Each structure stands twice: as structure tokens, then as C-alpha cells.
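Peer 1:
Number of protein chains: 2
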Amino acid sequence: MSEPRPTKAAPDASRRSERSRRAIFDAALALVSETGYAKTTIEGIAARAGVGKQTIYRWWPSKAAVLLDAFLDLAARANEALGGDARSEIPDTGDLAADLKYVLRATVDEMNDPAFDAPTRALAAEGIVDPELGARFTEALLEPQLGYYVRRIQAAQAAGDVDPDADPRLALELLVGPLHHRWLHRTLPLTHAYADDLVDLVLRGLAPRA
Amino acid sequence: MSEPRPTKAAPDASRRSERSRRAIFDAALALVSETGYAKTTIEGIAARAGVGKQTIYRWWPSKAAVLLDAFLDLAARANEALGGDARSEIPDTGDLAADLKYVLRATVDEMNDPAFDAPTRALAAEGIVDPELGARFTEALLEPQLGYYVRRIQAAQAAGDVDPDADPRLALELLVGPLHHRWLHRTLPLTHAYADDLVDLVLRGLAPRA
DNA sequence: TTCCCGGCGAGACGTCTCGTCTCGTACGCT
DNA sequence: AGCGTACGAGACGAGACGTCTCGCCGGGAA
């Protein structure tokens, strides 16, 4: 069970070049933002990074995997620059509706920002088709974000603002699902007003039973 | 404004070979189901269909566009075989919750069926990244389906089962968004129980105000 | 310090698919 | 009957894929 996979001899990660790793991330992010994901090639990333192609193929299985790691690295560094690890936690002012609207509005703004929209779309699309990558995408990017909602909703339950019998996970999907639906399928424009209406309608269903 | 696009001389659609068109659809669907979307190539479709590559390039801009048309053609033929054009309308037994659960359970079953899952995933993913194709995907496949929900919800409003001030469009997205979210991102399993819980929670928010 | 192992940059290599193009053929209007 | 155009077939160059083979270099072991 624990034998090395017969596919290939695994490289020695302890001898890995941190310098090349970072150069690859920088090149990948730059190329995607400049020319778009579809036109970005592994050969192009290698050339831009001043790196041999084999160095990429040795450590990543696909272009999408490189970009995902680059994206995660970027997020981790930005996160770290802000200090604490609770940076993205949803605020708790005591007003659940206001707190959720604040976060959903910010999410709407991100989705309307090409710098965020383009690479995230590309990763999401790739993850939809490639289960392996999709699992990593979901686990590393999506789920942590969803956790913020779970905790905020649980706090609201403790405060008596939400029916204690409601499933926080289901509640969160009612907020995030419609937003992603509009975003990914471009059915209707994403606005702050939409975020507000969404929160209001969902919270009506979550109100404690009279 | 109405001059022919300088890109290319448009082919004469009236002389188009119906035989080749059908052969291309059949080959595309067969190859996608046999070897998967990613491994399906335009050259492969042409060979399988006994058709010149140019015949495909003359009428479609991309592999995804071919598959979308093939899918629509398949759906149209299956639809026609069933008779009426109201075939997929959501039933109205007077019990809104039961009717919605029936439809959402059927949707869950489709999403769990590889024969439906694989090509739909591929098309959705392609549409997410390619706005042109995404618009056609949304318009031809997604929106008609959403219309069924709108009409059923409006009927419920007329019957007094749903708050008349609620926006049917928003209500529908509360049902469909979370389902698609779980489906596309594979966060948690899609079950009939989930569909039921979803309907119950959403309808709580849609109940007429006391 | 010396030695040596393995990742490194570089790029050649064969393969594959792309999208364009150019044949000669065959089909459907006029 | 003749004419035009889509058709089947496939050659073609471009470009990216993923593998490979070079020396080179750097760091842990002797």
C-alpha cells in the first residue's frame, strides 16, 4: 500500500529550488493576466521564468495545477502581509443581515473585477472538468471561504437570530450558490442590490420559528 | 452595418448537407461518451463521421460549439419523440413543495448519471471560460429550464402559496444555485434528501407574510 | 576539502492537433 | 445540360505537448 508509485521515481523535494518555484509562479501569473489563460502555455511559462520545461513537468501535472499553486501562493503572501490568520473572517457586529450583505457585496465586486474574474474562472472551469484538480481547488480555495459563513451563521444561532434547527451548511449554500450561479453562467448582472435581496430572502427562511 | 463580415465569405446554408450534419453530431456524441471530451478532437470527429475537416470548420467555430449543437439536436429529437412541447413543464398538483421536490430529485438523478454528467460538465466548463459559447449555452439550455420554475412559482403566487411580493427569478436561483454549486464543485454528495431540505428551507422564506 | 548525487537550464526530438489550403468529385438548382 | 458550390480527402506549416539527454552547479557526506 505504501510503496512508491510505479509510475515514476518521485523527485527529492528536499533538493527543490525555491528560486525556480517562485519564478514559475511569477511568470504564470504574469502571463495569464497579460495574454489570458487559454493562450498561456507551459513552454511560455518556462521561458518567461528562465527555467527548463522539465522543472515544471517534474513538479506539476498540468498548466492548471501550476496556476492554482501560484494563486494559492499569492493569496498566502497577501494574507500574511495583513497579519493575523483570521483576516477574512466575516465581521460580527450583531446585525447578521448587515454583516452578510457586506461580505456578499465584496464578493460581487471581486466577481466584477477582471483581475480576479479571469483567473478564477479559468481555475473553476478546469476544476469542473478535472476531478483531481477540482478537489484541490475546492479544498484549498473554496471550502476555507465557506467556513467563514458557517461560523458566522453558528454565531447567529447562538445569539438567537437564526433558527437553531437550521443547517448552517445548507444556509450558506443558499447565499453562495445563487451568486456563483449568476457569476459563472452570466445570466443576469451581479449588483449590490442583488446581494442585498439575496440576503433578505434567505434570512426570512432562517428566522427562528415563532 | 449590415454588410457581410469581412472575416470570411459566408457559406451558402441552403446548400448544406443534412447528411453530413447528422453524421457529425452522431460522431461527436459517440466520441465524447467513449473517450471523454478532452480526448475528443475535431480531426477525430471528422474521421469518425466520414467527413472532411473543412466541413466542420466551415460551420462551427470550435469543438465545444459542435458538441453543444449535437446536444441540442439530441434533446430536440428526444423531446419531439415525447410529443407535446410542454413536456418538461413542472407539474402543478397544487402542492408546491411536492412538485419542486419531484423536479429537483430528478435533476439530482441526472447529475449523478455519468451519461448526462460528463458532456454537460464539459459544456458548462467551456461556457464559463468562453463568453460567446457561454451565452449560447445559457440561452439554449439553461434559461428554458429556468423558465419552468418561474412559471410554477408564479402559479403558486396566484394560488396564494407564495408571497406575491417575492421575485420568482430570485426564488428560482435559491433552488437551482445551491444544487449546481454542489454539482459543479463536488463539495458534498447530491441526494434526494438534500433536494428535499433545500425546497423546505427555501419555501420557508417564500411563505406569504402572516 | 573532495566527491558525488540529483535537481537545474537549455533545448532537441517525435508526436499530435490545430486551422488553412487545395485538389477533384458529386449534388442540386436553373 | 451546365454551372456553382459544398463536399471528402488529405497535404501542409505552425505550434504545443511531454520526454529525453546533455553539461552545469550546489549542497550534504566522507
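Protein sequences appear in the order of chains A and B. The opening position of the first sequence corresponds to residue 1 in our numbering, with each subsequent residue numbered one higher. The opening position of the second sequence corresponds to residue 1001 in our numbering, with each subsequent residue numbered one higher. The C-beta atom is built at its ideal place from N, Cα and C for all residues, glycine as well. All values reported here derive from a predicted model rather than from experimental measurement.
Would you mind working out which of B:G1160, B:T1187 and B:D1167 sits nearest E173 of chain A, comparing C-alpha positions?
Peer 2: Looking at the Cα atoms, B:T1187 is the closest of the given residues.
Peer 1: Rounded to the nearest angstrom, what separates G1044 of chain B and I1024 of chain B at their Cα positions?
Peer 2: Near 10 Å, if we compare the C-alpha coordinates of I1024 of chain B and G1044 of chain B.
Peer 1: Residue range of the alpha helix (DSSP H) that W1059 of chain B falls in?
Peer 2: Per DSSP, W1059 of chain B belongs to the alpha helix (DSSP H) from K1053 to W1059.
Peer 1: Using beta-carbon positions only, say whether P178 of chain A and V150 of chain A come within less than 7 Å of one another.
Peer 2: Taking 7 Å as the Cβ cut-off, P178 of chain A and V150 of chain A do not qualify as a contacting pair.
Peer 1: At the level of alpha carbons, what is the spacing between E1003 of chain B and L133 of chain A?
Peer 2: Residue placement at E1003 of chain B cannot be trusted, given a pLDDT of 37 that sits under 50; what the coordinates show is reported in the next sentence. So the alpha carbons of these two residues sit roughly 45 Å apart.
Peer 1: Tell me, please, whether the CB atom of G1205 of chain B is closer than 7 Å to any CB atom in chain A?
Peer 2: Answer yes: the Cβ-Cβ gap between G1205 of chain B and chain A drops below 7 Å somewhere.
Peer 1: Taking the straight line between their C-alpha atoms, what separation do you get for A1030 of chain B and L1067 of chain B?
Peer 2: Cα to Cα, the separation comes out at about 11 Å.
Peer 1: Buried or exposed for E244 of chain A, please, with buried defined as at least 16 other CB atoms from any protein chain shown within 10 angstroms of its CB.
Peer 2: No statement about residue 244 of chain A is possible, as the shown extent of chain A runs from 1 to 210 and does not include it.
Peer 1: Can you name the residues of chain A whose CB is closer than 9 Å to the CB of D1167 of chain B?
Peer 2: The contacting residues are D197 and L201.
Peer 1: Mapping DSSP to helix, strand and coil, what is S1014 of chain B?
Peer 2: Residue state, collapsed to three classes: helix.
Peer 1: Express the C-alpha separation of Y1057 of chain B and T1007 of chain B in angstroms, rounding to a whole number.
Peer 2: Note that T1007 of chain B scores 46 on pLDDT, short of 50, meaning its location in the model is unreliable; the coordinates nonetheless yield the value given after this. Cα to Cα, T1007 of chain B sits roughly 14 Å from Y1057 of chain B.
Peer 1: Quick one: any contact between the region 1143-1163 of chain B and the region 112-122 of chain A, if contact means 3 or more CB pairs under 8 Å?
Peer 2: Contact between the region 1143-1163 of chain B and the region 112-122 of chain A is absent, because fewer than three Cβ pairs lie under 8 Å.
Peer 1: Is the Cβ-Cβ distance between L96 of chain A and A158 of chain A less than 7 Å?
Peer 2: Against a cut-off of 7 Å, the Cβ pair of A158 of chain A and L96 of chain A comes out as no contact.
Peer 1: Return no unless some Cβ of chain B is closer than 7 Å to the Cβ of V129 of chain A.
Peer 2: Judged by the 7 Å Cβ criterion, V129 of chain A is in contact with chain B.
Peer 1: Looking at chain A, is there any beta carbon in it that lies within less than 7 Å of the beta carbon of A1125 of chain B?
Peer 2: Closer than 7 Å: yes.
Peer 1: Classify S33 of chain A as helix, strand or coil using the three-state DSSP reduction.
Peer 2: Of the three classes helix, strand and coil, the one that applies to S33 of chain A here is helix, per DSSP.
Peer 1: I'd like to know if T1187 of chain B contacts chain A, where contact means its C-beta is closer than 7 Å to some C-beta of that chain.
Peer 2: So yes, T1187 of chain B belongs to the interface.
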